[in-house]
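First comes the structure, then the notes that go with it.
In the working numbering, the protein residues as written are 2 to 348.
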C-alpha cells in the first residue's frame with residue numbers, strides 16, 4: 002500500500018512539474034509573439050529589416066521544440082511568415098524604385114498569396130491581403146515605373162497605390178522625390194486620386210508607351226481617358242473606319258501635339274483595344290474596289306493584238322522538165338524552159 006501511494010505521489014509531482022513548465026513555455030511564446038515588429042503586425046512590407054526576419058525565425062524555432070501538434074502548426078505558420086518577410090526585405094531593401102528587381106517582386110507576390118491561401122483566418126493574413134494589390138501593381142507596371150520614377154522612394158509608390166492612385170499616373174510624370182509622412186495626394190494636387198478600372202489602367206499604360214512625349218505632357222490621365230471614351234462612343238454609334246477618323250479630326254486635330262497622324266492612330270487603336278474591344282472589326286479599312294472605267298481605259302491603251310493565224314507552208318516548188326509550176330503564171334527560174342515552150346510559140 003505504501004509503494005502504491007509513493008508511485009501516485011511521484012506521478013502527481015511529475016505532472017505538476019510538467020504543467021508548470023508548459024505554462025511557462027506558453028507564457029514565453031505569447032510574450033515573443035506580442036513583441037513582433039510593426040513591419041509584420043501592420044503589414045508595412047517596405048520597412049522589413051534583417052532583424053525583423055531574425056525575430057520571427059527565432060519564434061518559429063522556439064515553437065518547433067514543443068511536441069504538441071498545435072505548437073508544431075504554429076511553428077510552420079511562422080516559418081511561412083519568415084518567407085514573406087525575407088521576400089519583402091529582398092524586394093524593398095534598396096528603398097528606391099530604381100533599385101527594384103522584378104524577380105524579387107514576383108517572389109514576394111507569390112509568398113503573400115501562399116500565406117493568405119494557407120492561413121486565411123490567422124493573424125497577419127488581413128494585413129498582407131491589403132498589401133497584395135500594391136505589390137501586384139508594382140509587378141504590372143514595373144518597366145515604366147523603373148524607367149520614369151527611378152528616384153522615387155518605394156514607400157511613396159506603395160503608399161500611392163494604397164490610396165487608390167494608379168501607378169500609371171504616378172510614373173508618367175517625373176516628380177521630385179519628397180519623403181514625408183504626408184499623403185501622396187497632397188504632393189500631386191493636379192491629378193486627383195481616382196479608382197480606375199483595369200481596362201482604363203491598361204489604356205493609360207499603352208498611351209505612356211505609344212504617344213509622343215509632347216502629347217503625353219499636354220494632358221492629364223483623366224483627359225486622355227475622356228478621349229478614349231469618346232472614340233468608343235463613336236464606334237458604338239455605328240461609325241466605320243473612315244467615319245471615326247473624320248470625327249476625331251474635326252474635334253482634336255488642332256489640339257493634339259507632336260506628330261498628329263501617329264498620335265491619332267494611337268488614341269483610336271488603343272482606346273478600341275482596351276475599352277471597347279468588341280468594336281475592333283470596325284477599324285478594319287474597307288477593301289479598295291477596282292474601277293471598271295479604269296480597267297476599260299487600261300484595255301483601250303494597250304495595242305490590239307492580231308488574231309492568231311497558223312503559218313501556211315508553201316508546197317515544194319522545185320522545177321524539172323516533167324513538173325509544171327504549182328501556180329500558173331509563176332516566174333520561171335533562169336536557164337529553165339517549161340515543157341511545151343512559152344505561150345505563143347516563143348522560143
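Heads up, the beta-carbon is just placed ideally off N, CA and C, and yes, glycines get one too. Bear in mind the structure is a predicted one, so any value in this text is a computation, not a measurement.
For residue i, which option in the options has the closest C-alpha, if you only look at C-alpha atoms?
i	options	result
residue 62	78, 206 and 48	78
residue 48	270, 39 and 55	39
residue 233	248, 147, 220 and 64	248
residue 91	123, 54 and 281	54
residue 36	231, 59, 46 and 250	59
residue 135	159, 241, 29 and 281	159
residue 105	70, 120 and 46	46
residue 226	97, 262, 271 and 101	271
residue 266	222, 213 and 239	213
residue 242	207, 286 and 27	286
residue 239	127, 121 and 281	281
residue 203	103, 152, 246 and 268	268
residue 151	231, 33, 97 and 277	97
residue 1	223, 221 and 103	The requested residue 1 is not part of the displayed model; the chain covers only 2 to 348.
residue 28	260, 117, 120 and 72	72
residue 101	117, 120 and 149	149
residue 223	117, 208 and 237	208
residue 67	219, 50, 24 and 119	24
residue 199	236, 69 and 274	274
residue 210	69, 70, 57 and 263	263
residue 253	278, 279, 219 and 237	219
residue 278	237, 122 and 33	237
residue 34	137, 154, 56 and 52	56
residue 99	123, 154 and 197	154
residue 26	51, 197, 69 and 140	69
Who pairs with residue i in a beta bridge, going by DSSP?
i	result
residue 1	Lying outside 2 to 348, the shown extent of the chain, residue 1 is not represented and no answer is given.
I think residue i touches residue j, with their Cβ atoms under 8 Å apart; what is that distance to the nearest whole Å?
i	j	result
residue 258	residue 216	5 Å
residue 42	residue 93	With a Cβ gap of about 17 Å, residue 42 and residue 93 do not count as contacting.
residue 255	residue 131	Contact doesn't hold; Cβ gap of about 46 Å is too wide.
residue 107	residue 89	With 8 Å as the limit, residue 107 and residue 89 do not qualify as a contact, their Cβ atoms being about 13 Å apart.
residue 230	residue 276	7 Å
residue 64	residue 30	6 Å
residue 206	residue 142	7 Å
residue 156	residue 119	About 28 Å; that fails the 8 Å criterion.
Could you tell me if the beta carbon of residue i falls within a distance shorter than 7 Å of some heavy atom in the ligand FMN?
i	result
residue 160	This structure lacks the ligand FMN, and indeed carries no ligand of any kind.
Flag residue i as yes if its beta-carbon sits less than 8 Å from any beta-carbon of chain B, otherwise no.
i	result
residue 69	Within the model displayed, chain B is absent; a lone protein chain is all it includes.
Count the CB pairs spanning the stretch 113-124 and the stretch 74-90 that are closer than 8 Å, and state whether there are at least three. They touch, by the three-pair rule.
Extract the residue ranges of the alpha helix (DSSP H) inside the stretch 44-77, only unbroken runs of 4 or more that lie entirely within it. Counting whole runs of 4 or more residues, the stretch 44-77 contains the alpha helix (DSSP H) stretches 51-64.
Which residue spans inside the stretch 100-159 form an unbroken alpha helix (DSSP H) run of at least 4? Fully enclosed alpha helix (DSSP H) runs of 4 or longer: 103-119, 126-141 and 143-149.
Just list the alpha helix (DSSP H) runs in the stretch 255-294, keeping only unbroken ones of 4 residues or longer that don't cross its boundaries, in chain order. Within the stretch 255-294, the runs of alpha helix (DSSP H) that reach at least 4 residues and sit entirely inside it are, in chain order, 261-276.
Output the residue ranges of the alpha helix (DSSP H) runs that lie fully inside the stretch 216-241 and measure 4 residues or longer, sorted by chain position. Taking 4 residues as the minimum length, the alpha helix (DSSP H) runs contained wholly in the stretch 216-241 are 222-237, in order along the chain.
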